[in-house]
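Encoded as structure tokens, the structure appears first; notes follow it.
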Amino acid sequence: MNDTRSRPLGVTLIALVYLALAIMALVIAARYVLNPAGDEELILLFDRLKMPVAFLNLLAAPPLVTAGLATTMFRGLWLQKEWGRIAAIFFQFIGMLMMLALMAFLFVFSLATSRYMMVAIGLFILFTVAFVYLLKAVRQTPEPLSPIAPPPYEESSGPIEALPYRPAASAAAPPPPPIAPIVPAPKPDLFDSVHHAATVVVSDSDSDKEATMQMPAEPEPQPRACLTILSSPGEDRRISLYARDYLIGRHPTLVDIHLDDLTVSAQHARLRFENGEFVLYDLGSTNGTFVNGDPIQSRILRERKYIKIGETELLFTPEC
């Protein structure tokens with residue numbers, strides 16, 4: 475999560491801009507604290523508003539608050555924290571509104587040509603560009619597709635027959651013991667690969683032999699291919715692919731294969747099993763899907779292929 479090699483260039487630049495904004499805000503706050511009466515334009519503005527010039531010291535408060543917020547935004551974006559990205563989008567929007575209000579205020583008091591107006595315009599453009607970039611980076615794909623679960627195992631429909639009971643030859647012989655009840659087979663769990671066979675025990679009065687009847691076990695499904703994650707912010711892992719569909723993306727709950735990568739869309743691609751082969755589809759992602767370096771919309775995977783989704787590299791192999 476903190477690996478700078480996987481950090482997008484745009485996120486790095488926005489984080490550095492926040493650091494520069496924090497330093498600039500601290501310099502402005504220090505100026506108002508150390509030399510509040512050194513700005514003739516602000517003194518003239520306070521005279522028009524009929525406010526004491528001593529209130530100029532209070533102008534250091536907004537730069538100090540801005541410096542604290544900008545430092546927090548820099549830390550969250552630099553470390554690629556989820557809260558930092560969301561907070562940065564909100565801060566860009568608030569900054570745009572504040573710069574619009576400041577420009578309107580300066581225009582009303584005939585200060586449209588002052589250096590404060592130039593600073594307000596520059597910050598408004600900066601906030602707008604960063605807001606659009608971060609908003610585009612978290613754009614969601616269309617309606618999520620439900621992951622397809624593997625088919626459940628079918629229970630055996632054949633009845634379990636007990637061995638016939640043979641009566642004793644002599645009428646004076648003691649009655650045979652009762653036949654043990656038939657125990658039904660337990661219903662197998664959907665993802666359980668261990669199947670227990672039901673056992674029926676029948677006691678014969680002459681030989682006292684036990685007969686055991688077992689239900690046939692369902693064969694365990696075998697993987698059709700493997701997908702290995704070669705580079706990601708987390709640990710590398712290998713995934714066995716069965717005859718089903720897999721949704722790949724950054725969303726923590728709506729996908730089958732989760733990639734913790736800011737450059738990956740929430741639902742980025744789909745790996746579908748069709749006619750005995752795996753087909754990779756791009757779901758209109760922001761940064762696209764590549765197979766062996768070529769951008770694709772769909773591609774049949776019949777042999778060993780290198781796949782790149784965002785900044786994450788994967789390897790598809792037809793044999794596990």
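Residues in the sequence shown are numbered consecutively from 475, following the working numbering. Cβ atoms here follow ideal geometry from the backbone N, Cα and C, with glycine treated the same way.
Proximity of residue i and residue j at Cβ, strictly below 7 Å
i	j	result
residue 489	residue 548	yes
residue 775	residue 757	no
residue 699	residue 769	no
residue 607	residue 484	yes
residue 575	residue 537	no
residue 789	residue 704	yes
residue 534	residue 507	yes
residue 715	residue 701	yes
residue 601	residue 569	yes
Member of the options whose CA lies at the smallest distance from the CA of residue i
i	options	result
residue 794	508, 743, 727 and 777	777
residue 783	734, 546 and 697	734
residue 717	561, 732, 705 and 696	696
residue 550	493, 575 and 574	493
residue 786	561, 772, 761 and 747	761
residue 572	552, 540 and 779	540
residue 498	552, 542, 481 and 486	542
residue 599	729, 577 and 582	577
residue 482	505, 495, 496 and 554	554
residue 766	752, 773 and 781	781
residue 749	731, 719, 764 and 771	719
For residue i, three-class secondary structure by DSSP
i	result
residue 790	strand
residue 699	strand
residue 684	The predicted position of residue 684 is uncertain, since its pLDDT is 48 and thus under 50; a value taken from the coordinates is nonetheless stated next. In the structure shown, residue 684 sits in a strand (DSSP, three-state: E or B).
residue 668	Note that residue 668 scores a pLDDT of 40, beneath 50, so its modelled location is shaky; the value from the coordinates is reported in the next line. Three-state result, residue 668: coil.
residue 780	strand
residue 505	helix
residue 728	coil
residue 492	helix
residue 487	helix
residue 715	strand
residue 721	strand
residue 733	coil
Cβ-heavy atom distance, residue i to the ligand FAD, below 6 Å
i	result
residue 774	Ligands in the displayed structure: none, and consequently the ligand FAD is not present.
Test: residue i CB closer than 7 Å to a CB of chain C
i	result
residue 783	No chain C appears in the structure shown, which is made up of a single protein chain.
Let me know the beta strand (DSSP E) ranges lying completely inside the region 740-778, each 3 residues or longer, listed in chain order.
Taking only runs of at least 3 residues, the beta strand (DSSP E) segments lying wholly in the region 740-778 are 743-748, 751-756, 763-765, 768-770 and 772-775.
Would you call the region 721-728 and the region 740-758 in contact, with 3 or more CB pairs under 8 Å?
Remark: three or more beta-carbon pairs, one from each stretch, lie closer than 8 Å, so the region 721-728 and the region 740-758 are flagged as touching.
In chain order, each alpha helix (DSSP H) run of at least 4 residues that lies wholly inside the region 543-622:
If you keep only unbroken alpha helix (DSSP H) runs of at least 4 residues inside the region 543-622, you get 556-582 and 589-611.
Check whether the region 546-562 and the region 593-601 are in contact - that is, three or more C-beta pairs closer than 8 Å.
Result no; under three Cβ-Cβ pairs closer than 8 Å.
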